Amino acid sequence: MSVFRNSDIVSIRDLSKESIEQIMDLAERMIPYAKGEKKTKVLEGRILANLFFEPSTRTRLSFESAMVRLGGEVLDVSYPLMTSVAKGETLADTIRMVESYADVIVLRHPHEGAARLAAHFSSKPVINGGDGAGQHPTQTILDLFTIRREKGKIEGMNVVLVGDLKYGRTAHSLAEALALFGAHLWLVAPQNLQMPKETIKEVERLGQKPKLASKLEEVIAEADVLYVTRIQRERFPDPSEYLKVAGSYRIDKSILREAKKDLIIMHPLPRVDEIAPEVDNTPHARYFQQAFNGVPVRMAILLLLLGVDVDEGF
Amino acid sequence: MSMKDFRVTPIRNGTVIDHIECGMALKVLRIIGVDGEKIHSTVSVLMHVPSKKAGWKDVVKVEDRELDPSEVDKIALISPRATINIIRDFNVAEKYKVRLPDVVRGIVRCGNPNCITNLSEPVEPEFVVECKDPPILRCIYCDRILENISEHII
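Protein chains in written order, with this note's numbering: chain A, 974 to 1287; chain B, 2 to 155.
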């Protein structure tokens, strides 16, 4: 029986390298189903509850698409302010109610630790769809999957993470996961938005020595993967300070002149102005493929958590 | 009688908390619930006394009182090298070092204001003890390392 069956996906730290590889291998097989080129009803009769306490487009829709592509159905609870939560119901009670209506729960919540709490109270699998500034493990897996798919491997790749590395939750877990897979890391950020020391320590514990820089120009020529995150305007007390650093990390054709021909550019989206639209049509852009990759990755996760025999029927 | 003997006079029954990290005695008093109104027996506090092991230490003696395990765990959080001496009829009946368990539940609150455990949810805050001396706690819910542990003791 799969080790995933009835388990939860709360933090990337809960998963071994082998488990992540198992998800990615299955996701590879799900691609034709995610594109609608092949059909399956393997999850017919199963229900996913999308419990979103925060607005989200990609995560919510890609889980919904993954479940529907597998023949299952989705309960969408995206407006908790119109439910009993508005009357003061605890998350623990909401989860105990929702678990009786569904076979698997995806939770997006503004408070860190919410997914762990939900997993504590739910007898059904809980998938963390992002909790506050905490974890978003399925995003990390789809990022790894994109790199592996586009570059053929993760180990030994020079990956540059650029932007808001302090507050961006995708950057923290991705840095740790990349280290687990043996990628070399460059961390490019303004000094006050550099990666937290705790995360750097964890990366080092996993055997990598990340290099820190403040200018993208210093590292762009060495990069195999450029992972861009949005610098959040609201973190800066002085708007002029924000404009100074936001502009310095804008990816456009001029900065890409120094880049390797096969450099790929990723971004968890939404972007604001950190990647110029002119980059979209270059061979470097991979952010829309990255968004699509969320579907096969989430299909694989749903299959594994719901205990489907993946050796049959595909 | 030496000066040192005079400072640390024996008690008949109670607890001597020795080798408290220098400056932590008042926090130990708060942990064991000594706030001046509820206590009905003698409490002696020695601060900044010489110690062969650590150079300086604090000592707290509470008469007619034995600590419960959660109080001992809390003391371990702020003073991991403290020792507990249970005194019965002027003799040391038990002596042991405080020792943090591998997981700490319900005695300290997460310092992350956005952690779900700081809302009205029916769970006890819970931490994995990543290091016992000095204590390093990681919240099992939000994964955050707890800073300023003594300020978050419940």
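Beta carbons: idealized from backbone N, C-alpha and C, even for Gly. Because the structure is a prediction, the values reported are computed rather than measured.
Length of the line joining the Cα atoms of residue i and residue j
i, j, result
"V1201 (chain A)", "R31 (chain B)", "49 Å"
"M2 (chain B)", "G1086 (chain A)", "Low confidence applies here, because M2 (chain B) scores a pLDDT of 47, under 50, leaving its location unreliable and the question unanswered by this model."
"I1204 (chain A)", "L1138 (chain A)", "9 Å"
"E95 (chain B)", "E72 (chain B)", "16 Å"
"Q995 (chain A)", "R1230 (chain A)", "37 Å"
"E991 (chain A)", "V976 (chain A)", "11 Å"
"V1283 (chain A)", "L1277 (chain A)", "8 Å"
"Q1164 (chain A)", "A1152 (chain A)", "22 Å"
"N1131 (chain A)", "T1119 (chain A)", "15 Å"
"P123 (chain B)", "N113 (chain B)", "18 Å"
"E125 (chain B)", "N92 (chain B)", "38 Å"
"V1317 (chain A)", "L1216 (chain A)", "Because chain A here runs from 974 to 1287, residue 1317 (chain A) falls outside it and cannot be looked at."
"I88 (chain B)", "T16 (chain B)", "6 Å"
"E1017 (chain A)", "L1043 (chain A)", "7 Å"
"T118 (chain B)", "H1257 (chain A)", "43 Å"
"V35 (chain B)", "I155 (chain B)", "15 Å"
"I1004 (chain A)", "P1269 (chain A)", "5 Å"
"P1243 (chain A)", "V50 (chain B)", "60 Å"
"A1148 (chain A)", "R1069 (chain A)", "34 Å"
"P1212 (chain A)", "A1232 (chain A)", "30 Å"
"K1008 (chain A)", "E1251 (chain A)", "26 Å"
"Y1260 (chain A)", "R1178 (chain A)", "30 Å"
"I993 (chain A)", "V1099 (chain A)", "17 Å"
"G1102 (chain A)", "R139 (chain B)", "22 Å"
"G1155 (chain A)", "I982 (chain A)", "22 Å"
"V1192 (chain A)", "V1198 (chain A)", "11 Å"
"S1187 (chain A)", "I146 (chain B)", "26 Å"
"E1128 (chain A)", "F1036 (chain A)", "28 Å"
Own chain residues within Cβ distance below 8 Å of residue i, not counting five before or after
i, result
"V1050 (chain A)", "A1022, N1023, L1024, F1025, T1056 and V1071"
"E1190 (chain A)", "I1228 and E1231"
Beta-carbon contacts of residue i that lie in its chain and below 7 Å, excluding the five residues immediately before and after
i, result
"L1185 (chain A)", "L1160 and Q1167"
"G1294 (chain A)", "In the structure as shown, chain A begins at 974 and stops at 1287. Residue 1294 (chain A) is therefore absent and cannot be evaluated."
"I141 (chain B)", "E127, F128 and V129"
"I1173 (chain A)", "P1183"
"Q1262 (chain A)", "T1119"
"P1083 (chain A)", "F1026, E1027 and G1105"
Start and end residues, beta strand (DSSP E) containing residue i
i, result
"T16 (chain B)", "G15 to E22"
"E131 (chain B)", "E127 to K133"
"S45 (chain B)", "V44 to S52"
"H1082 (chain A)", "V1077 to H1082"
"R106 (chain B)", "V104 to R106"
"I88 (chain B)", "T84 to R89"
"G1045 (chain A)", "First-last for G1045 (chain A): undefined, no H or E at that position."
"A1186 (chain A)", "K1184 to A1186"
Terminal residues of the alpha helix (DSSP H) in which residue i lies
i, result
"Y1006 (chain A)", "K990 to A1007"
"V1252 (chain A)", "Taken as a continuous stretch (DSSP letters only), V1252 (chain A) belongs to no alpha helix (DSSP H), as it is neither H nor E."
"V1176 (chain A)", "K1170 to R1178"
"R139 (chain B)", "Not the alpha helix (DSSP H): R139 (chain B) falls in the beta strand (DSSP E), residues P136 to C140."
"N1266 (chain A)", "Y1260 to L1278"
"G925 (chain A)", "Past the boundaries of the shown model lies residue 925 (chain A); chain A is included only from 974 to 1287, so the question cannot be answered."
"K1226 (chain A)", "K1226 to L1229"
"H1145 (chain A)", "R1142 to L1153"
Cβ separation of residue i and residue j, assumed to be a contact under 8 Å, to the nearest whole Å
i, j, result
"I1274 (chain A)", "T1113 (chain A)", "With a Cβ gap of about 12 Å, I1274 (chain A) and T1113 (chain A) do not count as contacting."
"L68 (chain B)", "I21 (chain B)", "Not a contact, Cβ separation roughly 13 Å."
"D74 (chain B)", "N14 (chain B)", "Wrong, their Cβ atoms sit about 23 Å apart, outside the cutoff."
"D19 (chain B)", "A83 (chain B)", "7 Å"
"A1264 (chain A)", "R1031 (chain A)", "6 Å"
"S151 (chain B)", "K28 (chain B)", "5 Å"
"D1116 (chain A)", "M1239 (chain A)", "7 Å"
"S1146 (chain A)", "P1110 (chain A)", "7 Å"
"A1106 (chain A)", "R1142 (chain A)", "5 Å"
"K1124 (chain A)", "I1237 (chain A)", "7 Å"
Same chain, Cβ closer than 6 Å to residue i, neighbours up to 5 away in sequence not counted
i, result
"E1046 (chain A)", "I1020"
"H153 (chain B)", "V109, R110 and G112"
"G1280 (chain A)", "R978"
"I79 (chain B)", "M25, K28 and S151"
"N1266 (chain A)", "L1115, F1118 and T1119"
"R1206 (chain A)", "Y1215"
"F1094 (chain A)", "A1065, I1068 and R1069"
"G1220 (chain A)", "none"
Contacts of residue i in chain D (Cβ-Cβ under 9 Å)
i, result
"T1063 (chain A)", "The structure shown has no chain D; the protein chains it does contain are A and B."
Legend entry - Selection of the stretch 113-127 of chain B by Cβ proximity to chain A, strictly under 9 Å: Contact annotation: in the stretch 113-127 of chain B, residues whose CB is within less than 9 Å of a CB in chain A are N113, N115, C116, I117, T118, N119, L120, S121, E122, P123 and V124.
Legend entry - Where the stretch 138-152 of chain B meets chain A: residues whose CB sits under 8 Å from a CB there: C140, I141, Y142, C143, D144, R145 and I146
Inset, instruction - Name, going along the chain, the residues of the stretch 1088-1112 of chain A whose beta-carbon falls closer than 8 Å to a beta-carbon of chain B. - result: R1089, L1090, H1093, D1104, G1105, A1106, G1107 and Q1108
Inset, instruction - Could you run through the stretch 1229-1251 of chain A and flag, in chain order, every residue whose CB is less than 8 Å away from some CB of chain B? - result: none
Inset, instruction - Select from the stretch 1132-1147 of chain A all residues with a C-beta closer than 8 Å to any C-beta belonging to chain B, and list them in chain order. - result: none
Inset, instruction - Report the residues of the stretch 1165-1180 of chain A with a CB closer than 7 Å to any CB of chain B, ordered along the chain. - result: E1171
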